[in-house]
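Chains as they are written, first to last, in my numbering: chain A, 231 to 416; chain B, 34 to 52. Backbone N, C-alpha and C fix where the C-beta goes; we use that ideal spot for every residue, glycine too.
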């Protein structure tokens, strides 16, 4: 199973052993699992990530707003990834970044320079009309914008959590999301 | 069981696989 998910004590634990959320070519299907609920109209998803262990440099995890739960659905994902530092090959710091698919027929997009972060870190995506804003925070109060982008999603979408670990053949990548909040705008 | 089938994680939350 590419993704396993459990819920206990108010926390979601996701274990990913394969999959890949594509970003370079948006006509390639994602191979990911998604733990989701519905969100109609404007709103947001926010979660506090307290654990991000054993993810390969091509692995990642985060919160996602997604138009359709099928391989080529439009999405924005505010995520953590393990990055490779050129001068420090043994160091694999965690960074906050995004991936998204704006159109099935076009090139995808990602933040070119992800920001290095330390756990815990809060991730958030807000939707207002067709505008999607991904942010992260070290304390749940002060937010730093990762990306704001227009994505033509329908009125009823899914909000949730995802994780993937493309080359994690020997180990699961484990991520814990605490205090997950999906809110519909008033 | 089909590992790609959707299943409930906790009330209101569903795990789906696609791709």
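CB of residue 40/B to nearest heavy atom of the ligand ZN: below 7 Å?
With respect to the ligand ZN, the structure offers nothing, as it holds no ligand at all.
On the DSSP bridge assignment, give the partners of residue 264/A in chain order.
The partner list for residue 264/A (beta bridge, DSSP) reads 392/A and 49/B.
Label residue 296/A either buried or exposed according to how many other C-beta atoms from any shown protein chain fall within 10 Å of its C-beta, with 16 as the threshold for buried.
With 16 or more Cβ atoms within 10 Å of its Cβ, residue 296/A is classed as buried.
Give the straight-line distance between the Cα atoms of residue 306/A and residue 242/A, rounded to the nearest whole angstrom.
For residue 306/A and residue 242/A, the distance between alpha carbons rounds to 20 Å.
Is it a yes or a no for the segment 318-337 of chain A touching the segment 43-50 of chain B, going by three-plus beta-carbon pairs under 8 Å?
No, they do not touch.
Mind pulling the chain B residues with CB within less than 9 Å of residue 264/A?
Simply 47, 48, 49, 50 and 51.
Would you call residue 354/A buried or exposed, if buried means 16 or more other Cβ atoms sit within 10 Å of its Cβ?
Looking at its Cβ environment, which holds 16 or more other Cβ atoms inside 10 Å, residue 354/A is buried.
Establish whether the CB of residue 300/A and some CB of chain B are separated by less than 8 Å.
By this cut-off, residue 300/A is an interface position.
How should residue 50/B be labelled, buried or exposed, when 16 other C-beta atoms within 10 angstroms of its C-beta is the threshold for buried?
Buried, by the Cβ-count rule.
What is the rounded straight-line gap between the Cα of residue 268/A and the Cα of residue 274/A?
Using only the alpha carbons, I get a separation of about 11 Å.
Enumerate in chain order the residues of its own chain whose CB-to-CB distance from residue 285/A is below 6 Å, with the five nearest sequence positions on each side excluded.
Here the set comprises 312, 395 and 403.
When DSSP builds the beta bridges, which residues end up paired with residue 328/A?
In DSSP, residue 328/A forms a bridge with 308/A.
Relative to the C-alpha of residue 378/A, which residue among 389/A, 299/A and 365/A is closest?
Among 389/A, 299/A and 365/A, the Cα nearest to that of residue 378/A is on 365/A.
Look at the Cβ atom of residue 264/A, then the Cβ atom of residue 392/A, and state whether they are nearer than 8 Å.
The answer is yes: Cβ separation under 8 Å.
How many angstroms separate the CA atom of residue 321/A from the CA atom of residue 371/A?
Approximately 29 Å, taken between the alpha carbons.
Skipping 5 residues on each side, what residues in its chain have a beta carbon closer than 6 Å to that of residue 411/A?
Result list for residue 411/A: 276, in chain order.
Kindly list the residues whose CB is nearer than 6 Å to the CB of residue 245/A, restricted to its own chain and excluding five residues on each side of it in sequence; keep chain order.
Cβ neighbours of residue 245/A beyond the five flanking positions: 234, 402 and 404.
Please state whether the Cβ-Cβ distance between residue 351/A and residue 310/A is less than 8 Å.
Yes, Cβ-Cβ distance for residue 351/A and residue 310/A is below 8 Å.
Taking Cβ-Cβ distances below 8 Å as the criterion, which residues of the segment 265-281 of chain A are in contact with chain B?
Result list: 265, 266 and 267.
How is residue 285/A classed by DSSP in three states: helix, strand or coil?
Three-state result, residue 285/A: coil.
Could you tell me the alpha carbon to alpha carbon distance between residue 314/A and residue 324/A, rounded to whole angstroms?
Each residue's alpha carbon lies about 9 Å from the other.
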